[in-house]
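Written out below as structure tokens is the structure these notes cover.
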Amino acid sequence: MAITAEREAQLLATVPTGLLINGEWREAAGGKTFDVEDPATGKVLLSIADASTEDGAAAMDAAAAAQDAWARTAPRERGEILRRAFELVTERAEDFALLMTLEMGKPLAEARGEVAYGAEFLRWFSEEAVRISGRYATAPDGKSRLMVTKKPVGPCLLITPWNFPLAMATRKIAPAVAAGCTMVLKPAKLTPLTSQLFAAVMVEAGLPAGVLNVVSTTKAGEVTGPIMKDDRLRKVSFTGSTPVGQGLIRDAADKVLRTSMELGGNAPFVVFEDADLDKAVTGAMAAKLRNMGEACTAANRFIVHESVAAEFSAKFAEKVAAMTPARGTEDESKVGPLIDAKSRDKVHSLVTDAVERGAKAVVGGAPVEGPGYFYQPTVLADVPADAQILKEEIFGPVAPVVTFSTEDEAVALANNTEYGLVAYVFTEDLNRGLRIGEKLETGMLGLNAGVVSNAAAPFGGVKQSGLGREGGNEGIEEYLYTQYIGIADPYAS
Ligand code: NAP
């Protein structure tokens with residue numbers, strides 16, 4: 010059943026509109042606010058406080074003041090707060106899903122999937138909080154003793170993108186809470202409402218004042234710049250574009266901050282001649298059209314063996330053609346709008362460039378008339394090697410197909426990018442799959458799978474796709490540092 014305007018208004022009325030600083034929701038210093046829009050209609054959903062540099066400083070003060078006491082809380086207590094947050098998000102799954110659909114545009118079915126995925130980080134790290142351990146050892150000479158412990162790194166700055174408003178926040182907040190770190194969160198200005206509502210859930214779950222501070226703002230650099238220079242900050246964790254990440258790494262050098270960087274991607278989707286093509290098409294639909302293609306893990310280049318390229322493209326195009334663009338709240342919605350006009354125009358310019366260079370639009374290839382920023386789901390065949398679309402993150406529902414003839418050529422094409430976040434490989438030959446996995450320069454590989462994200466797995470990239478891992482056993486390590494205590498020989502008199 011389609012969502013009514015009344016239901017939307019009721020939900021929006023529950024979203025806190027202030028900044029969360031030291032456990033209190035407050036107006037921005039100077040009282041400024043900004044509008045958050047629905048990308049499917051262009052209409053304003055809600056106005057919220059627009060943090061200033063002064064608010065950023067207050068948030069940093071609160072995080073620094075809360076750090077010592079928070080680091081000393083019992084791991085079980087931190088785990089139980091996360092567990093309660095998991096239960097609250099799960100109870101309110103429909104609210105979180107609708108809120109994400111409203112501010113980001115993804116179809117409700119996908120938003121529900123993100124709620125389950127995002128909540129899983131809370132449950133996973135509630136369990137990890139009590140598994141932080143160290144070791145005690147005798148030194149090789151038999152005399153001194155070595156004690157190794159793990160400690161929270163300290164106050165963290167967390168910066169998240171607009172495309173997965175809940176999961177990108179929980180993937181950072183949950184391990185930071187589990188490790189005993191305090192935080193300043195700066196959500197994306199295009200989709201801050203989910204973080205606002207999630208922060209209220211963390212407070213309800215019992216998170217003490219000052220542990221999580223949220224400064225939504227339209228002035229990202231102005232607010233985060235001074236925080237990055239603050240001597241009390243110990244870490245920055247960023248998910249977003251590679252250029253912004255590179256700037257943050259440069260800034261982090263001044264204070265030698267710990268950094269976690271989840272940056273852009275240009276994922277190859279390789280289909281071998283021995284692949285099950287129906288499985289490959291199902292994988293391709295998930296890897297390309299999930300989140301309208303606005304995912305760092307979105308398949309960006311379809312690299313298909315020349316003997317099956319025509320059949321794969323035809324089957325894929327048939328499925329893509331059935332994807333109806335519609336507002337995410339509508340029952341039939343399978344593909345929502347892109348986030349804004351700028352993104353839609355960029356997608357179209359990449360398609361136009363490819364077509365001008367000789368590519369053929371098997372299906373789609375044009376923007377959809379407004380309101381909203383919709384783009385037709387598109388498959389492009391015969392894309393020439395010099396097309397810009399093969400070099401850049403598309404961030405839209407467009408699938409360019411190129412062909413190869415040998416395994417070595419497929420590997421060379423797949424690795425021909427400065428990115429290395431994820432790759433997808435479809436083959437029925439397990440040895441070939443494993444061999445290709447060893448040759449691909451990528452942090453993650455989907456083997457006959459179009460989706461790899463899992464809270465229990467280490468998510469992250471190599472090359473210019475980033476540093477560090479989120480999720481899995483590795484995720485909490487990003488928020489811990491190792492301390493070694495050298496102990497004199499206990500038998501020495
Ligand atoms: P973005 O433009 O880099 O923005 C990401 C975040 O950084 C936003 O909160 C943004 O604030 C903030 N920001 C922008 N300039 C800043 C500055 N100078 N200093 C501090 N913060 C700054 O990226 P996006 O367009 O939101 O997200 C899409 C990108 O994220 C894509 O490249 C995608 O691949 C990547 N991504 C990567 C992963 C991963 O795990 N590897 C996951 C999801 C997305 P404003 O909102 O105010 O601009």
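Per this note's numbering, the sequence shown starts with residue 10, numbered consecutively. Ideal Cβ positions, reconstructed from N, Cα and C, are used throughout, including at glycine.
Quick check on residue i: buried or exposed, where buried means 16 or more other Cβ atoms within 10 Å of its Cβ?
i	result
methionine 270	buried
leucine 439	exposed
isoleucine 485	buried
asparagine 482	exposed
valine 136	Correcting the residue identity first, residue 136 is glutamate in this sequence and not valine. Answer is exposed; the Cβ neighbour count stays below 16.
valine 53	exposed
glutamine 255	exposed
alanine 421	exposed
glycine 429	buried
glutamate 402	buried
Cβ of residue i versus every heavy atom of the ligand NAP: is any distance shorter than 7 Å?
i	result
glutamate 401	no
tryptophan 34	no
valine 253	yes
glycine 127	no
phenylalanine 173	yes
phenylalanine 468	yes
glycine 256	yes
serine 474	yes
alanine 229	yes
isoleucine 445	no
glutamate 96	no
lysine 115	no
methionine 177	yes
glutamate 112	no
proline 235	no
threonine 42	no
cysteine 6	Residue 6 lies beyond the range of the chain shown here (10 to 502); nothing can be said about it.
alanine 197	yes
threonine 169	yes
leucine 430	yes
glutamate 271	yes
threonine 147	no
serine 246	no
glycine 455	no
cysteine 190	no
serine 414	no
serine 56	no
serine 250	yes
glycine 215	no
Determine the DSSP secondary structure at residue i, reduced to helix, strand or coil.
i	result
leucine 347	coil
methionine 332	coil
threonine 491	strand
alanine 4	Because the chain here runs from 10 to 502, residue 4 falls outside it and cannot be looked at.
alanine 423	helix
asparagine 503	Here the chain has residues from 10 to 502 only, and residue 503 is not among them.
tryptophan 133	helix
alanine 74	helix
threonine 110	helix
serine 502	coil
phenylalanine 383	coil
arginine 243	coil
isoleucine 12	coil
lysine 152	coil
lysine 41	coil
glutamate 416	helix
Please report the straight-line C-alpha distance between residue i and residue j, rounded to a whole angstrom.
i	j	result
leucine 131	threonine 179	7 Å
leucine 456	alanine 289	10 Å
alanine 10	glycine 381	Checking the sequence shown, residue 10 turns out to be methionine, not alanine. The alpha-carbon atoms of methionine 10 and glycine 381 are separated by roughly 21 Å.
proline 406	phenylalanine 105	24 Å
glutamate 282	threonine 147	56 Å
valine 364	isoleucine 258	37 Å
valine 313	valine 253	32 Å
glycine 396	alanine 465	The residue you asked about is not glycine; residue 396 is alanine in the sequence shown. Their Cα atoms are separated by approximately 37 Å.
threonine 361	alanine 390	13 Å
phenylalanine 134	valine 471	24 Å
serine 316	leucine 443	22 Å
alanine 419	glutamate 303	25 Å
lysine 115	lysine 198	17 Å
Would you please verify whether the beta carbon of residue i is less than 8 Å from any beta carbon of chain C?
i	result
asparagine 222	Among the protein chains of the structure shown there is no chain C, as only one such chain exists.
Review point. For the region 445 to 459 against the region 154 to 169, are there 3 or more C-beta pairs whose distance is under 8 Å?
Key: Put simply, the region 445 to 459 does not touch the region 154 to 169. Fewer than three CB pairs are less than 8 Å apart.
Review point. How do the region 102 to 112 and the region 157 to 169 stand: do at least 3 beta-carbon pairs fall below 8 Å, yes or no?
Key: no
Review point. Do the region 331 to 338 and the region 89 to 99 make contact, defined as three or more Cβ pairs closer than 8 Å?
Key: Counting Cβ pairs under 8 Å, fewer than three are found: no touch.
Point to revise | Meets three-Cβ-pair contact criterion under 8 Å: the region 183 to 202 and the region 68 to 84 | key: Touching, yes, given that three or more Cβ pairs across the two stretches are closer than 8 Å.
**Study point:** Three-pair Cβ contact test at 8 Å for the region 79 to 91 versus the region 209 to 229
**Key:** Result yes; three or more Cβ-Cβ pairs closer than 8 Å.
Practice item. Taking 8 Å as the threshold, find out whether the region 291 to 300 comes into contact with the region 396 to 416 through three or more Cβ pairs. Key: Enough Cβ pairs lie closer than 8 Å, so yes.
Exercise for review: Decide if the region 21 to 29 is in contact with the region 42 to 59; the criterion is three or more beta carbon pairs, one per stretch, under 8 Å apart.
Suggested key: The region 21 to 29 makes contact with the region 42 to 59, as at least three CB pairs between them are under 8 Å.
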